[in-house]
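Residue numbers (the numbering used here): 23 to 621. Virtual Cβ for every residue (Gly too), placed ideally from N, Cα, C. Keep in mind it's a predicted model, so treat the numbers as computed, not measured. Heads up, the thing below is written out as structure tokens.
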């Protein structure tokens with residue numbers, strides 16, 4: 023399955039994951055914001071078999087996985103994958119439970135045509151956790167384990183998907199792919215929000231209660247063909263896609279319980295510096311809420327595209343394409359539960375449409391060397407409800423400029439890929455500061471970056487991977503009362519790096535034993551909130567760089583395999599900051615083991 027990161031499936035359904043960058047992504051047809059991630063899902067097989075495994079880890083992690091497949095007839099095969107996951111956390115009172123099942127059928131009509139039908143169901147229940155919070159725009163001194171949400175907070179989701187795909191080969195050069203999917207998603211959420219306390223530690227806790235139902239229907243058709251015009255080779259891709267989405271969001275009665283004279287938007291008041299302040303009924307007894315309204319919002323999208331990868335010579339290739347996108351956002355309907363009356367939202371019907379070109383050149387001066395440049399313009403849809411219009415988020419226009427070089431050395435034993443890029447977003451969408459259940463456009467942004475990837479074999483059985491990334495993302499244009507232009511977007515990291523060394527024993531009693539060690543570096547970054555032009559004080563929280571080290575080992579014997587991993591060996595303490603004031607300590611040293619049996 024070829025999908026975006028946002029559509030990432032349950033990992034147990036994946037056969038492999040391939041990340042294509044630079045010229046490789048260009049040849050694959052990808053000239054868009056970021057790399058092409060090719061996720062190959064497990065398909066039914068015409069032979070009986072399967073795998074059962076048990077994964078256990080620190081903090082009461084238990085995850086059994088079952089994978090069964092086989093033929094039903096000489097033309098129909100099945101596969102069923104199921105998992106259950108129960109986990110605690112290094113954070114007090116935080117836990118999660120997940121149940122997932124993925125049945126699929128493959129019908130081979132003949133040698134040229136096949137139909138794949140599959141379904142997914144995921145039930146998830148986890149504790150909302152916004153970390154240790156901030157005190158006066160600084161990290162709070164609370165320990166890595168301290169949980170400061172209400173004891174009753176919850177987040178429950180149910181996702182069900184049905185998909186069908188038809189793949190047909192006309193001949194060795196031409197093929198047609200059609201797919202359609204239906205998805206239903208429900209999220210029931212009730213929690214205190216991001217903890218941002220005063221300089222004395224006082225936090226006036228507010229609550230958010232939401233119940234969201236989403237339904238989407240997607241369709242896509244692609245025709246791919248290879249042909250020649252004289253001596254010039256072409257790989258042509260023509261396609262169209264459409265999706266229809268509807269969202270129903272519940273509006274609930276206020277959950278404030280403070281007595282008269284206090285701000286009614288607060289639920290209660292606690293002090294992050296005083297653990298005893300949390301020992302009160304409001305922390306343990308969930309307040310009642312009443313559904314007052316339902317807001318129905320719809321979005322209709324469709325588009326068509328054509329692209330041609332032209333091989334002018336063996337060394338020189340050109341990719342050119344264009345896409346037309348259309349998006350209609352009707353006015354929302356707001357239903358009052360008590361009366362049943364329906365009113366229209368304040369935002370009027372909106373139509374967005376655009377042509378999006380892309381272009382790339384690849385030059386291969388040597389057999390193992392390629393140089394490329396590319397440009398793409400992307401009409402990108404944004405999910406969620408706009409806090410300004412109370413309707414669906416509008417699209418963003420993203421321009422990406424990229425150039426790079428890829429080299430293979432030492433008869434393929436060493437590969438290096440260097441990329442430079444600039445990405446411009448005319449409307450950057452993020453979680454709204456005033457209401458974390460909604461989204462907002464915060465201004466235009468630009469990102470300048472460099473990526474370096476290395477991989478190779480040192481000696482037989484000893485391999486390495488290494489990478490470095492630089493990304494400077496900042497605001498370039500905002501409204502008069504918006505964020506200061508030129509300021510780096512919070513949550514973005516300028517410098518990151520990684521390195522992995524792994525060895526597989528080639529002979530002797532230890533043949534098949536695999537050992538690996540990895541290091542991950544995260545550079546300085548900013549959390550908090552970006553500074554606005556009319557705000558004399560800054561809400562930025564500087565965070566220091568950190569490095570974590572992991573070690574892994576694996577061994578296979580007959581039909582059994584055992585994998586083990588230790589993460590954050592040095593027990594490094596640092597923080598991830600997202601959604602502004604959500605300050606989450608990174609996980610401490612953890613252990614993970616998976617025992618599998620194939621049959």
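Kindly indicate which three-state DSSP category residue 274 falls into: helix, strand or coil?
-> strand
When 206, 232, 519 are compared against residue 212, the one with the closest alpha-carbon | 232
Compare the Cα-Cα distances from residue 499 to each of 509, 407, 493 and report the closest residue.
-> 509
List the DSSP bridge partners of residue 267.
-> 238, 321
Residue nearest to residue 111 in terms of C-alpha spacing, selected from 610, 312, 373, 401 | 610
Measure how close the beta-carbons of residue 154 and residue 607 come, nearest whole angstrom, since I'm counting them as under 8 Å.
-> 6 Å
So which of 511, 448, 574, 315 has the shortest CA-CA distance to residue 539?
-> 574
Paired residues, beta bridge with residue 449 - DSSP = BP columns for residue 449 are empty, so no partner.
What do you get for residue 296, buried or exposed, if any count of 16 or more other CB atoms within 10 angstroms of its CB means buried?
-> exposed
Burial state of residue 529 (16 or more Cβ within 10 Å) = exposed
Nearest neighbour of residue 36, chosen from 89, 82, 77, 81 [CA to CA] = 89
Residue ranges of each alpha helix (DSSP H) within the region 294 to 362, 4 or longer | 303 to 306
For residue 494 versus residue 469, is the C-beta distance shorter than 8 Å?
-> yes
What three-state label does DSSP hand residue 433 in the structure shown?
-> helix
Let me know if residue 250 comes out buried or exposed under the rule of 16 or more other beta-carbons within 10 Å of its beta-carbon.
-> exposed
Is residue 101 closer than 8 Å to residue 150 when the C-beta atoms are compared?
-> no
Check residue 105 in the structure and name its three-state DSSP category.
-> strand
When you compare only the Cα positions, how much space is there between residue 82 and residue 108?
-> 7 Å
Please state if the CB of residue 619 and the CB of residue 582 are separated by a distance shorter than 8 Å.
-> yes
The region 185 to 199 / the region 123 to 142 touching (three or more Cβ pairs under 8 Å) | yes
Buried or exposed: residue 221, going by 16 or more other Cβ atoms within 10 Å of its Cβ?
-> exposed
Residue 384 to residue 257 span [Cα, whole Å] = 14 Å
Quick one: give me the first and last residue of the beta strand (DSSP E) that residue 550 is part of.
-> 547 to 551
Along the beta strand (DSSP E) that carries residue 386, what are the first and last residues, could you check?
-> 372 to 388
Kindly give me the distance between the Cβ atoms of residue 548 and residue 605, rounded to whole angstroms, as I take these residues to be in contact under 8 Å.
-> 12 Å between Cβ atoms; not a contact.
Under a three-way DSSP split, which group does residue 34 fall into?
-> helix
Mapping DSSP to helix, strand and coil, what is residue 120?
-> strand
Taking the beta strand (DSSP E) that residue 565 falls in, what are its first and last residues?
-> 561 to 565
Under the three-state reduction of DSSP, which class applies to residue 607: helix, strand or coil?
-> strand
Flag residue 503 as yes if its beta-carbon sits less than 8 Å from any beta-carbon of chain D, otherwise no.
-> Any reference to chain D falls outside this structure, which holds one protein chain only.
Per DSSP, what kind of secondary structure is residue 174 in: helix, strand or coil?
-> coil
Just the C-alpha distance for residue 561 and residue 80, rounded to the nearest angstrom, thanks.
-> 35 Å
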